[in-house]
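Asks:
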């Protein structure tokens, strides 16, 4: 049976005594009293450094199959964790993907990807000989996405980076691996879940790549298909002067519970559909909690104990069929109950979620089928049975907390809660980095931010813990002045784009290059007097990976007509709002051709009417 490698909190004390020997810990925080979440995060990082060094010291470089965990025939699959009733329902009335999972569970890809990789390297088979249901579907359980339409034979690999944290040595190692390929066909993409996707990897190298990830304490299993996706937390965790809660520890703990840190855990590897989880640190909306299936947002703090209470939100959804903001469950819990609530919600979804139609299998449909009150009552019942602490109201001793809304305004040099320390927010054009750029960024992080890089849901990055004496130096770095600007223009501050048709077979339009080009043209024509970020999101299809509905202006790939012929076009959404009283944007206009002759006038009108833009004097 499956054995988790999770180290429980009994080991925190002894690990804490060794923290000062690790270079990742900022001097200003070494002797500060840490909340539980921070301790969990630091413990995880300490173990990461220790294990990383041990792996490199002991690994036989001539072998690429001796470091990964061995999985034997007794290994449980996601199917084994379904109830007999659910299994029978799938066999009788399950959709096509459910039947495929019943035939062979996707979690078996954790073993089979190593087998396929070895067979391909031996020359016994070609990648085209692999069954298509494995190549194009099941390997997604291992985080490998075949680029069937755009780059046959190559894969995008999606990592798991809880709370969006990656370190210089990890990023440099990933760059070294990608250099084995043609750099014209490889790159890194920052996703809207604080994650990284690597492009251009070949399946015959999969076991070598997985070994490297294992040494680096990074995972990629369960990053696709019917799994819990990357756990999102505040990119300002532990450094935000206004935060109520440091999200790093709980994000790592959630990832451990759900996916064994991206190495595979079958308990929740056979959900009806994907599932998104976010944990916020304050009322500053840096995690987009209202579009997640499950979100925990801190709303108050006990005066006498300092315990933070979290609001529970459920049922957020962006999809081709419908879009829904999450709903408040009106149960409040302390940090110590987050893991239990998450497990309960996932068990309910796994055991009772709808599996007959992919279009109606997301968690929100179960919430609606049961009703919010029944869902709340069932969660509360299970919490009570487990002796887990929860509240149905906020007591008088609780004070509301609010923080300045930052949103996309994380750019430039900003003061941290630690005296003499600063973070630098930088813009990544549509979230894409070349291998050379990523390698140079790792060097900058090593020199200025103690090696730490934090990704954001807006596809940008933050360099934390920069000493006051190093500010002048980091601002002179050519990469940050010329490419990843810390002073981006208003339309670039909130610019987000999905992969688009360049690499994604589902996209109806090219997005990333077009998004940048349109933004630059608009800046040449318009002035923005207040200089505030205007969030423009591009998404190539109704799946809305680019999250068009949370933007001030969202552009979604759609068919359009020009001179009676179908051409690439967009539907425009307007009015998305983040933070307190967040809302989703609504459809404004349909079927506008992407040709700038048609799209540019519409965008100029929107920016002038709704966002105070003015035509430049020479226009």
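In the numbering used here, the protein residues as written are 269 to 887. Glycine residues also receive a C-beta, built at the ideal position from the N, C-alpha and C atoms. All of these numbers come straight from a predicted model, not from anything done at the bench.
(1) Considering only DSSP beta bridges, list what residue 682 is partnered with.
(2) By DSSP, does residue 801 sit in helix, in strand, or in coil?
(3) For the stretch 604–621 and the stretch 541–548, state whether three or more C-beta atom pairs, one from each stretch, are separated by less than 8 Å.
(4) DSSP three-state call for residue 747: helix, strand or coil?
(5) Between the stretch 465–474 and the stretch 516–526, are three or more C-beta pairs nearer than 8 Å?
(6) So, do the stretch 751–766 and the stretch 803–810 have three or more beta carbon pairs nearer to each other than 8 Å?
(7) Looking at C-alpha atoms only, which residue of 409, 427, 429, 401 is the closest neighbour of residue 416?
(8) Under a three-way DSSP split, which group does residue 455 fall into?
(9) Can you list, in chain order, the stretches of the alpha helix (DSSP H) that have 4 or more residues and sit fully within the stretch 537–595?
(10) Taking contact to mean 3 or more Cβ pairs, one atom from each stretch, closer than 8 Å, check whether the stretch 723–734 and the stretch 501–521 are in contact.
(11) Any idea what DSSP makes of residue 515, helix, strand or coil?
(12) Can you have a look at residue 392 and say buried or exposed, based on whether 16 or more other CB atoms are within 10 angstroms of its CB?
(13) Can you tell which of 593, 585, 624, 603 has its C-alpha closest to the C-alpha of residue 569?
(14) Nearest-angstrom Cα distance between residue 464 and residue 457?
(15) If you measure between the beta carbons of residue 435 and residue 409, is that distance less than 8 Å?
(16) Thinking C-beta only, is residue 660 closer than 8 Å to residue 597?
(17) Rounded to the nearest angstrom, what separates residue 873 and residue 881 at their Cα positions?
(18) On a Cα-Cα basis, can you pick out the residue from 748, 747, 738, 723 that is closest to residue 433?
(19) Fully enclosed by the stretch 696–782, which beta strand (DSSP E) runs are 3 residues long or longer?
(20) Where does residue 397 land, buried or exposed, given buried means 16+ other C-beta within 10 angstroms?
(21) May I ask which residues mark the beginning and end of the beta strand (DSSP E) holding residue 422?
(22) For residue 878, I'd like the list of residues in its chain whose CB is within less than 6 Å of its CB, leaving aside the five on either flank, ordered along the chain.
(23) Could you give the DSSP three-state label for residue 382: helix, strand or coil?
(24) With distances taken from CA atoms, which of 687, 771, 794 is nearest residue 736?
(25) To which residues does DSSP link residue 835 through a beta bridge?
(26) Skipping 5 residues on each side, what residues in its chain have a beta carbon closer than 7 Å to that of residue 866?
(27) Starting from residue 447, follow the beta strand (DSSP E) in both directions and report where the run begins and ends.
(28) Since residue 631 contacts residue 561 with CB under 8 Å, what's their CB separation in whole angstroms?
(29) Going by the beta-carbon positions, is the gap between residue 854 and residue 841 smaller than 8 Å?
(30) By Cβ distance, which residues of its chain are closer than 6 Å to residue 812, with the 5 residues on each side in sequence left out?
(31) Measuring CB to CB, does residue 428 end up less than 8 Å from residue 530?
(32) Taking 8 Å as the cut-off, decide whether the C-beta atoms of residue 430 and residue 501 are in contact.
(33) State yes or no: is the C-beta of residue 582 within less than 8 Å of the C-beta of residue 590?
(34) Does DSSP put residue 640 in a helix, a strand or coil?
(35) Enumerate in chain order the residues of its own chain whose CB-to-CB distance from residue 350 is below 8 Å, with the five nearest sequence positions on each side excluded.
(36) With distances taken between CB atoms, is the gap from residue 608 to residue 547 smaller than 8 Å?
Replies: Working from what's here:
(1) 691
(2) coil
(3) yes
(4) helix
(5) no
(6) yes
(7) 401
(8) strand
(9) none
(10) yes
(11) coil
(12) exposed
(13) 603
(14) 6 Å
(15) no
(16) no
(17) 9 Å
(18) 723
(19) 720–723, 729–735, 763–765
(20) exposed
(21) 422–426
(22) none
(23) helix
(24) 687
(25) 828
(26) 860
(27) It is not in any beta strand (DSSP E) - residue 447 carries neither H nor E in the DSSP assignment.
(28) 4 Å
(29) yes
(30) 586
(31) yes
(32) yes
(33) no
(34) helix
(35) 358, 538, 618, 619
(36) no
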